[in-house]
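Protein chains in written order, with our numbering: chain A, 1 to 661; chain B, 1001 to 1255. Heads up, the beta-carbon is just placed ideally off N, CA and C, and yes, glycines get one too. Structure, as structure tokens:
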Ligand SMILES: Nc1ncnc2c1ncn2[C@@H]1O[C@H](COP(=O)(O)OP(=O)(O)O)[C@@H](O)[C@H]1O
Ligand SMILES: [Mg+2]
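The following block contains the structure:
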């Protein structure tokens, strides 16, 4: 064996890859696709829109990157194990021919090096090209006011290279271990043996239900959007694992039950397809689980972003309850200033409106004090303002006068009484101590303030301003050096007038607002374009991700059909010799429909139905509170994706048919 | 009327990308009566498999015709050819052609399943055959779990289960050791004695000696035949060997 150098081994490795074209072309194609997918997802992290639009987006996208990374690991290990199983015979032969194990390991090393370098490079180039092209196309199609740029950064490229080098290294170790611990005779026979049923499939099945139930449970019980962000990843992870286990154990269970039923099993179509699927049950199950997971991702990505876009007008109204919105931020050192401003401005805007020949149709004015703290027993304990959003209950204290003015009610409160609203409704006591006062509570609905929905919120309507002052005095006593938030005020009003008049009016008020101290003026009309362009950006990302995952689905379905086609080809030839006709081949491929088409789509739909609550919570982060929009786009996307997948399925099953026939 | 009649069969293979032609069969004429056990012998490349494939309707003749029960096979419509193959012919191949994804039982039942036979009927036919062939202990195993001889017996069972008019066997002992070959040939002989017509291709004189008649094929045509008559298997084998020696020395110039 002297003189065997690297050149020899690398030449041999190349020759092996070439002579196993039918195995390696689908393997390389799908590796390239998944690498491209990961890279594109990672590269979105550097996207300006993702970074700047919302603080939740970078988090969600990094979760997405992790999910795709996990998916990549499973996917490549799966395709690799399939390829190497097919090659057992060939590699077993090396042993018989007298090649030492370390030599075989070396050949495998070169093979892995060639395939991994080739697929990583091609995947990156494809990602760069695809990303650019696709962003161009989407910018052209969506015609958003501002284009979204595709950013090429070095970090995502680096992550991609590292991750996939690591994955391919694992496949190498796996492949070598397959041959180091096996004897050559077994290897020679290896390919023809069916897959062994995984041990303890009942336990796997129970485990899958546990994982799925846990994941679904997180979604069903999620209390608020902030915990939705932090728990979303865990839920996704659990459901992914659960899906694999479910498909592996569940499909074996079903197939075996079908096989036991002689009347079903001993019919031409079922006979061929059931036995074929049992023969490669794990491979089959993992393939289906892959499709199912990608389908879920497409549905979630598209339906959420579509909701955000379609719901733009609604969110615009949530964010800007009036055509004109003026917010005042009081100076805690000069509390009387804001009181003055508050009264003056209301009168001023009435006048301004009249000056332009318009009328105020509706005006709301509200002063409120923001407080932060926690509800312990029957007491609201202050914490220092801005001391970590998650732990705190956010409170708004409103004077009765403003509450009555706003709601048109005429409620009276005694000195120890208050109106009370709690966002999650858990505080049901009839009294509350805040500062040094005890209030008897009367519950009210939140029909007045724009609720953010992000954190636990309480609203307390107190008899008059003096209660707010004494409350703040208690806070100062407790935290002499703590930050103090002054009284705030919101004035919102609508006017009569045409769109043009309103716009001119808003421009005028905005100009004036620059001279008002600590104030912010926002006009719904002036914000609209901006709003649509940001929400269009979401849709953009959604379509992008949807397309990405759809391409993934196409490739996996294609890989599955092609590899199984080559697998089944010989079988069909033998069966044709003993009298299988073409029509029956057609029949047997048809009876796969239920598996290949319905199963992944149905399970994916169940997944997303259970994801509904947690996704709803996440959507409130982007201002969506109208469930109807979300439900409709959700149903629409599920149907649309099912249709697309149907086309994919039909085309790839034609490919399968043309291979086996 | 003969069960199987082959008239002026000719087969020319044309290479796909060149004008080069191979004449696998030039003119083949012979017939097989019902209940016969006929062996066809010839060297590798003499056209045996080609002949069998045409009889099996797996391949088309260039000219000439094969008649089964007086009906020309070339007139069978494309749509019916698979059903015809399933119900009328039984096959035994050199490399077994069993399917690894089916248990032994399902492999045997395959042609019946394809013919949509009721399950009761299938099971009723299965047991006597597997018992007869001595493989009833293995019917729940898979092909990769049994020996070559057993595999070939499974293939014979699969051929028998449709109660075919004729069994076509292509080198059935080709992949077996001598003991398994012996065993298989005894089985085929027994089946024949029960009335089953068998046409077998082989280049083993030992295997051929189990049949009642041997046809010799060379350069694409039948040029000699001998009958066993009342001879024992050993005597017949000697005669086959002699024929082969004489004939091959006569044909030496061609090699
Ligand atoms: N599909 C084919 N295409 C071209 N030539 C073929 C084909 N099949 C067989 N042949 C040729 O026909 C001749 C007879 O082959 P075959 O019937 O397989 O012989 P045997 O079975 O007796 O060994 C050989 O010369 C072989 O090369
Ligand atoms: Mg042959």
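Tell me, please, whether the CB atom of residue i is closer than 9 Å to any CB atom in chain A?
{"i": "residue 1079 (chain B)", "result": "yes"}
{"i": "residue 1246 (chain B)", "result": "no"}
{"i": "residue 1172 (chain B)", "result": "no"}
{"i": "residue 1083 (chain B)", "result": "yes"}
{"i": "residue 1119 (chain B)", "result": "yes"}
{"i": "residue 1185 (chain B)", "result": "no"}
{"i": "residue 1109 (chain B)", "result": "yes"}
{"i": "residue 1101 (chain B)", "result": "yes"}
{"i": "residue 1127 (chain B)", "result": "no"}
{"i": "residue 1074 (chain B)", "result": "no"}
{"i": "residue 1206 (chain B)", "result": "no"}
{"i": "residue 1066 (chain B)", "result": "no"}
{"i": "residue 1059 (chain B)", "result": "no"}
{"i": "residue 1041 (chain B)", "result": "no"}
{"i": "residue 1048 (chain B)", "result": "no"}
{"i": "residue 1122 (chain B)", "result": "yes"}
{"i": "residue 1177 (chain B)", "result": "no"}
{"i": "residue 1017 (chain B)", "result": "no"}
{"i": "residue 1213 (chain B)", "result": "no"}
{"i": "residue 1199 (chain B)", "result": "no"}
For residue i, which of the options has the nearest alpha-carbon?
{"i": "residue 543 (chain A)", "options": "A:643, A:298, A:124", "result": "A:298"}
{"i": "residue 181 (chain A)", "options": "A:104, A:45, A:166", "result": "A:104"}
{"i": "residue 1073 (chain B)", "options": "B:1082, B:1057, B:1091", "result": "B:1057"}
{"i": "residue 1020 (chain B)", "options": "B:1012, B:1035, B:1222", "result": "B:1012"}
{"i": "residue 334 (chain A)", "options": "A:517, A:143, A:172, A:372", "result": "A:517"}
{"i": "residue 579 (chain A)", "options": "B:1037, B:1081, B:1030, B:1165", "result": "B:1081"}
{"i": "residue 81 (chain A)", "options": "A:456, A:287, A:479", "result": "A:287"}
{"i": "residue 85 (chain A)", "options": "A:171, A:426, A:250, A:151", "result": "A:171"}
{"i": "residue 1007 (chain B)", "options": "B:1015, B:1071, B:1037, B:1046", "result": "B:1071"}
{"i": "residue 1001 (chain B)", "options": "B:1034, B:1010, B:1095, B:1229", "result": "B:1034"}
{"i": "residue 1111 (chain B)", "options": "B:1206, B:1053, B:1135, B:1162", "result": "B:1162"}
{"i": "residue 553 (chain A)", "options": "A:47, A:71, A:46", "result": "A:71"}
How about residue i: is its C-beta nearer than 9 Å to some C-beta of chain B?
{"i": "residue 252 (chain A)", "result": "no"}
{"i": "residue 662 (chain A)", "result": "No information on residue 662 (chain A) is available, as it lies outside the stretch 1 to 661 that chain A covers here."}
{"i": "residue 579 (chain A)", "result": "yes"}
{"i": "residue 263 (chain A)", "result": "yes"}
{"i": "residue 660 (chain A)", "result": "no"}
{"i": "residue 656 (chain A)", "result": "no"}
{"i": "residue 51 (chain A)", "result": "no"}
{"i": "residue 662 (chain A)", "result": "This structure gives no information on residue 662 (chain A), because the portion of chain A shown stretches from 1 to 661."}
{"i": "residue 665 (chain A)", "result": "Lying before the first or after the last residue shown, residue 665 (chain A) is absent from chain A, which here runs from 1 to 661."}
{"i": "residue 571 (chain A)", "result": "yes"}
{"i": "residue 575 (chain A)", "result": "yes"}
{"i": "residue 584 (chain A)", "result": "yes"}
{"i": "residue 1 (chain A)", "result": "Low local confidence applies: a pLDDT of 46 at residue 1 (chain A) is under 50, so the model's placement there is unreliable, with the coordinate-based value given in what follows. With 9 Å as the cut-off, residue 1 (chain A) does not count as an interface residue toward chain B."}
Quick check: is any heavy atom of ligand 4 less than 8 Å from the C-beta of residue i?
{"i": "residue 24 (chain A)", "result": "You won't find ligand 4 in this model; what it holds is ligand 1 and ligand 2."}
Cβ contact check for the region 1118-1129 of chain B and the region 1082-1101 of chain B: 3 or more pairs under 8 Å:
They do not touch, by the three-pair rule.
Counting Cβ pairs, one atom from each stretch, are 3 or more of them under 8 Å apart for the region 5-22 of chain A and the region 57-73 of chain A?
In short, these stretches do not touch, since the Cβ pair count stays below three.
Within 8 Å, do at least three Cβ pairs link the region 290-297 of chain A to the region 543-553 of chain A?
As far as the Cβ criterion goes, the region 543-553 of chain A touches the region 290-297 of chain A, which means the pair count is three or higher.
I'd like the ranges of any alpha helix (DSSP H) spanning at least 4 consecutive residues and lying wholly in the region 1151-1190 of chain B.
Entirely contained in the region 1151-1190 of chain B, not one alpha helix (DSSP H) run reaches 4 residues.
Can you list, in chain order, the residues of the region 1148-1171 of chain B whose Cβ is nearer than 9 Å to any Cβ on chain A?
Within the region 1148-1171 of chain B, the residues whose Cβ lies closer than 9 Å to some Cβ of chain A are 1158, 1159, 1162, listed in chain order.
Please list the segments of the beta strand (DSSP E) lying wholly inside the region 307-361 of chain A, counting only runs of 3 or more residues, in order along the chain.
Complete beta strand (DSSP E) runs here, min 3: 324-329.
Given a limit of 8 Å on CB to CB distance, which residues of the region 263-278 of chain A reach chain B?
Listed by position along the chain: 263, 266, 267, 268, 271, 275, 276, 278.
Please identify, using Cβ separations under 8 Å, the residues of the region 1226-1243 of chain B that lie next to chain A, in order along the chain.
Those residues of the region 1226-1243 of chain B that come within reach of chain A (Cβ to Cβ, closer than 8 Å) do not exist; the list is empty.
Alpha helix (DSSP H) runs contained entirely in the region 368-454 of chain A, provided each spans 4 or more residues
Uninterrupted alpha helix (DSSP H) stretches at least 4 residues long and entirely within the region 368-454 of chain A occur at 400-407, given in chain order.
If we require 3 or more residues per run, which beta strand (DSSP E) segments fall completely within the region 1190-1237 of chain B?
If only complete runs of 3 or more residues are kept, the region 1190-1237 of chain B shows the beta strand (DSSP E) at 1197-1202, 1213-1218, 1221-1227, in order along the chain.
Fully enclosed by the region 465-526 of chain A, which beta strand (DSSP E) runs are 3 residues long or longer?
As far as the region 465-526 of chain A is concerned, its whole beta strand (DSSP E) runs of at least 3 residues are 488-495, 519-523.
Would you be able to state if there are at least three C-beta pairs under 8 Å between the region 1238-1245 of chain B and the region 1209-1217 of chain B?
Touching, yes, given that three or more Cβ pairs across the two stretches are closer than 8 Å.
With three or more beta-carbon pairs closer than 8 Å as the criterion, would you say the region 209-227 of chain A touches the region 134-142 of chain A?
No contact exists between the region 209-227 of chain A and the region 134-142 of chain A.
Are at least three pairs of beta-carbons, each pair with one atom in the region 21-33 of chain A and one in the region 115-127 of chain A, less than 8 Å apart?
Yes, the region 21-33 of chain A touches the region 115-127 of chain A.
If we count Cβ pairs, one from each stretch, closer than 8 Å, do we get three or more for the region 481-501 of chain A versus the region 355-370 of chain A?
The region 481-501 of chain A makes contact with the region 355-370 of chain A; the number of CB pairs closer than 8 Å reaches 3 or more.
Alpha helix (DSSP H) runs contained entirely in the region 1049-1120 of chain B, provided each spans 4 or more residues:
The qualifying runs are 1078-1088, 1104-1114.
Below 7 Å between beta carbons is the criterion; list the residues of the region 1087-1101 of chain B that meet it against any residue of chain A, in chain order.
Answer in chain order: 1091, 1097, 1099, 1100, 1101.
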